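Read top to bottom, the protein sequences are chains A and B.
Under the working numbering, the letters of the first sequence match residues 250 to 456, in that order.
Under the working numbering, the letters of the second sequence match residues 250 to 456, in that order.
Note that beta-carbon positions come from the ideal geometry of N, C-alpha and C, so glycine has one too.
Given the structure is predicted, the values throughout are model-derived calculations rather than measurements.
2 protein chains.
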Amino acid sequence: MVATDRTKLRRAKEKGHHDRASLLDVLRAGFLCHLGVVVDGQPMVVPTVYGVSDDEIYFHGSVASRSLTQDTQVCVTVTHVDGLIIARSVFEHSVRYRSAMIYGVPRVVTDPEEKVEKLRLLTEHVTPGQWDYARQPVRKELAATTLLALSLDEASAKISNGWPDDEDEDLELDVWAGVLPMTQQWGKPLPAPDLREGIPFPGHLNR
Amino acid sequence: MVATDRTKLRRAKEKGHHDRASLLDVLRAGFLCHLGVVVDGQPMVVPTVYGVSDDEIYFHGSVASRSLTQDTQVCVTVTHVDGLIIARSVFEHSVRYRSAMIYGVPRVVTDPEEKVEKLRLLTEHVTPGQWDYARQPVRKELAATTLLALSLDEASAKISNGWPDDEDEDLELDVWAGVLPMTQQWGKPLPAPDLREGIPFPGHLNR
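This is the structure:
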């Protein structure tokens, strides 16, 4: 993983991480990314699910079908909000977050065996256990799926997990300061309206 | 709000909404957006907080300082993940979400009075009650803040809140199907390490 002009962090340098482990920590903590592409010279940002291996991130090409043809530069950004940093001054309010940005030209995964393998990886990243439990894709479904792989070589992670950084004179104010933590929680599973009776909720979906 | 070539939804048309009320519902339900810009012909996607009025979205220009100079086209995307749609076939797995995409050229808010007003709006969107409670920005801080406003005129919202849509023959499988709901939750407030004793947690920060 290299720090290029793009991945060098211009602001808040102390928050930047260029090691692969920090990057993978951020990527493995979620399943939704924002995919940026340029269409007719204009930016377009689309949310989509992803999977990740030790050296690539995978996503469906169809989300940006009209733009992701070939040799298309993308920027994939993953952000987890961990809370709000509440300062004594409005100016110092900020966010606790972990984020990752990956730049590059994704390749289309065309080899049939690799495509199945990487689709399995993506499925297992988002819903561990489902690949072997649910019905796997048939040839027609595989053909209808465009799978893209993007190297993690040009990437960076940013982690903000600090406290309010107020001016010294503001510490004297009678104003509360701290962090409002935020987490994502899984709720009680909702069976589909057309689920047949007697089919148990599978344990591997318990989060 | 108009449906332009960009905001016309190419896929999943049934999920698209072009009315202002749907858009505002999505924007008011969160405070983090992903801002896409084009830098040297390449996409860059940066997470940042935003505020919203009835006809504009507001964010800090500094997040993309080297790219957001003037007349810069942006795409602002806001996504809330509401759950995973678990189908009987891997192919039909999907996500419950609400998202909004806004395109346009943001204007820099330069009028001092308007700048304060819109910063108040942004602050109150992210942390309601804090503008009047915390210390408000002084002249130097206002000068250090670039505030951008983007019209909601070219925008669309997408809402996916359905159920798995399996092939008829898959309904016979002994495979569970439904939705794993996901929500964001606020945790117990964490006082700053340097918070003076005797300063109560303000009720307006209770979520």
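Residue range of the unbroken beta strand (DSSP E) whose run includes residue i
| i | result |
| --- | --- |
| Leu396(B) | Leu396 to Ser400 |
| Gln433(A) | Gly427 to Trp435 |
| Lys407(A) | Ala404 to Ser409 |
| Gly300(A) | Gln291 to Val301 |
| Leu284(B) | Leu281 to Val288 |
Contacts that residue i makes with chain B (C-beta to C-beta distance below 9 Å)
| i | result |
| --- | --- |
| Ser338(A) | Ala383, Arg384, Gln385, Pro386, Val387 and Glu390 |
| Phe450(A) | Trp425 and Gly427 |
| Thr432(A) | Gln433, Gln434, Trp435 and Gly436 |
Per-residue burial, residue i [other beta carbons within 10 Å of its own, 16 or more giving buried]
| i | result |
| --- | --- |
| Ala270(B) | exposed |
| Arg456(B) | exposed |
| Pro449(A) | exposed |
| Ala278(B) | exposed |
| Gly214(B) | Past the edges of chain B, shown from 250 to 456, lies residue 214(B), and the structure says nothing about it. |
| Thr297(A) | buried |
| Val354(B) | exposed |
| His453(B) | exposed |
| Pro413(B) | buried |
| Glu305(A) | buried |
| Pro292(B) | buried |
| Lys389(B) | exposed |
| Asp268(B) | exposed |
Alpha carbon of residue i to alpha carbon of residue j, nearest angstrom
| i | j | result |
| --- | --- | --- |
| Thr394(A) | Ser311(A) | 7 Å |
| Glu446(A) | Ile408(B) | 29 Å |
| His309(A) | Pro386(A) | 14 Å |
| Ala261(B) | Asp415(A) | Legend: pLDDT at Ala261(B) = 49, less than 50; position of this residue unreliable, no value from coordinates given. |
| Asp360(B) | Val339(B) | 53 Å |
| Arg347(B) | Val424(A) | 35 Å |
| Val325(A) | Leu284(A) | 5 Å |
| Val344(A) | Gly300(A) | 26 Å |
| Gly290(B) | Arg356(B) | 21 Å |
| Ile334(A) | His374(B) | 15 Å |
| Arg259(A) | Met350(A) | Summary for Arg259(A): the model assigns pLDDT 46, below 50, so the residue's position carries little reliability, and this model does not support an answer. |
| Glu366(B) | Arg384(B) | 15 Å |
| His266(A) | Leu273(A) | 11 Å |
| Val294(B) | Met431(B) | 24 Å |
| Leu420(B) | Ala441(A) | 11 Å |
| Leu397(A) | Thr372(A) | 14 Å |
| Arg337(A) | Gln433(B) | 25 Å |
| Gly411(A) | Ala404(A) | 23 Å |
| Ala406(B) | Gly332(B) | 17 Å |
| Thr287(B) | Leu281(A) | The sequence shown places Val at residue 287(B), rather than the Thr named in the question. If I take the Cα positions, the gap works out to 22 Å. |
| Leu391(B) | Thr376(A) | 46 Å |
| Val275(A) | Asp443(B) | 29 Å |
| Thr321(A) | Tyr382(A) | 35 Å |
| Pro438(B) | Gln379(B) | 15 Å |
| Ala426(A) | Thr328(B) | 28 Å |
| Lys364(A) | Asp303(A) | 17 Å |
| Leu401(A) | Leu422(A) | 45 Å |
| Asp417(B) | Glu341(B) | 12 Å |
Residue range of the alpha helix (DSSP H) that includes residue i
| i | result |
| --- | --- |
| Ser271(B) | Arg269 to Arg277 |
| Leu391(A) | Arg388 to Ala392 |
Cross-chain neighbours of residue i in chain A, by beta carbon under 8 Å
| i | result |
| --- | --- |
| Leu420(B) | Asp443 and Arg445 |
| Val344(B) | Leu281 and Val298 |
7 Å Cβ cut-off: residues of chain B touching residue i
| i | result |
| --- | --- |
| Val330(A) | Leu281 |
Proximal residues of chain B, C-beta to C-beta of residue i below 8 Å
| i | result |
| --- | --- |
| Thr326(A) | His283, Val294, Val295 and Pro296 |
| Val323(A) | Pro292 |
| Val287(A) | Val287, Gly290, Gln291 and Pro292 |
Proximal residues of chain A, C-beta to C-beta of residue i below 7 Å
| i | result |
| --- | --- |
| Leu439(B) | Gly427, Val428 and Pro430 |
| Leu454(B) | Ile335 and Leu429 |
Alpha helix (DSSP H) runs contained entirely in the segment 309-382 of chain B, provided each spans 4 or more residues: 361-375 and 379-382, all fully within the segment 309-382 of chain B.
Chain-ordered residues of the segment 348-376 of chain B with a beta carbon less than 9 Å from chain D: Included in the structure are the protein chains A and B, with no chain D among them.
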